[in-house]
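Student: Residue numbers (our numbering): 2 to 309.
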């Protein structure tokens, strides 16, 4: 596998999507072991990563499809990594982007890849961190990262994207809950999608009130209203994201210590979970369960061993 990764990474300069697709598949299969290739650690180019997150039903996929259209009109190449929830029973995922992004499949300036969460609870999965490094190698202008529908604690996208876009809808629930959840702090751009529905203006006013009266606004935060199904407001959103991205140093952000720590934790957690699932699948008695748990605890690194 290491030889295959090295070969495919060397082909990145050819910008062929077939090679990228093969590399992404291998990265998903090998996980953290693929980092033995140093070129994945410091890609020569870094695309602007735009995270699209928000509650289920907010229209994230439709909005992503329209952003692809707008950026292509501006002449930018676009990569998309769409994460869909995996079934807790079968482990499979319904990769809906194959339907929603269908009009972009034949566009030579667009590459779309989907994958399941594989049980991860942070809106992304461990493989997505490695895959995004591969996207950097292929030199896209913009990479859109669409997470699964998030709740109140899934903030992985903060450690992946250069710009975090939170998509809400007027009837998505009590907006105060979003503020309490910390989403107000992590988002750079707020998008009220389906803004033709009742309640959109009230939601916009509440977000604006938080900015103005509570002192919660951070530098660069923006608020947009869109109706993605009617292509209303999507050009303004794409243009605003592009302008905001020009002020971000994407290369330095990849080397941010906090981001690297979170990425390492996600990759290690993914490796541990895979090995644990294999071991757990062999449990048939309470005694075997006890033995596995006690032996696993002994193998965990201790604080005084320097790992933490």
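Here a beta-carbon is modelled for each residue, glycine too, at the ideal position from N, C-alpha and C. Please read these numbers as outputs of a predicted model, since none were measured by experiment.
Secondary structure at residue 10, three-state DSSP: helix, strand or coil?
Tutor: helix
Student: How would you label residue 283, buried or exposed, when you count the other beta carbons within 10 angstroms and need 16 or more for buried?
Tutor: Exposed.
Student: Determine the extent of the alpha helix (DSSP H) in which residue 272 is found, giving its start and end residues.
Tutor: 258 to 281
Student: For residue 59 and residue 243, what's the separation of their Cα atoms in angstroms?
Tutor: 22 Å
Student: Could you spell out the range, first to last residue, of the beta strand (DSSP E) harbouring residue 224?
Tutor: 223 to 226
Student: Buried or exposed: residue 21, going by 16 or more other Cβ atoms within 10 Å of its Cβ?
Tutor: buried
Student: Going along the chain, which residues of its own chain have a beta-carbon closer than 7 Å to the beta-carbon of residue 12, five neighbours each way excluded?
Tutor: 20
Student: Using only CA atoms, which one of 38, 81 and 142 lies nearest to residue 75?
Tutor: 142
Student: What does the alpha-carbon distance come out to for the pair residue 66 and residue 102?
Tutor: 6 Å
Student: Does the beta carbon of residue 293 sit closer than 8 Å to a beta carbon anywhere in chain B?
Tutor: Note that chain B does not occur in the displayed structure, where there is just one protein chain.
Student: Report the CB separation of residue 148 from residue 164 in whole angstroms; it is logged as a contact under 8 Å.
Tutor: Going by Cβ atoms, the distance from residue 148 to residue 164 rounds to 14 Å, so no, they are not a contact pair.
Student: Is it right to say residue 44 is buried, meaning 16 or more other beta carbons lie within 10 angstroms of its own, or is it exposed?
Tutor: buried
Student: So, helix, strand or coil for residue 208, using DSSP?
Tutor: In the structure shown, the three-state DSSP call for residue 208 is helix.
Student: Give me the Cα-Cα distance between residue 72 and residue 261, rounded to the nearest whole angstrom.
Tutor: 29 Å
Student: Grab me the residues of residue 80's own chain with a C-beta within less than 6 Å of its C-beta, minus the 5 sequence neighbours each way, in chain order.
Tutor: 112, 136, 141 and 144
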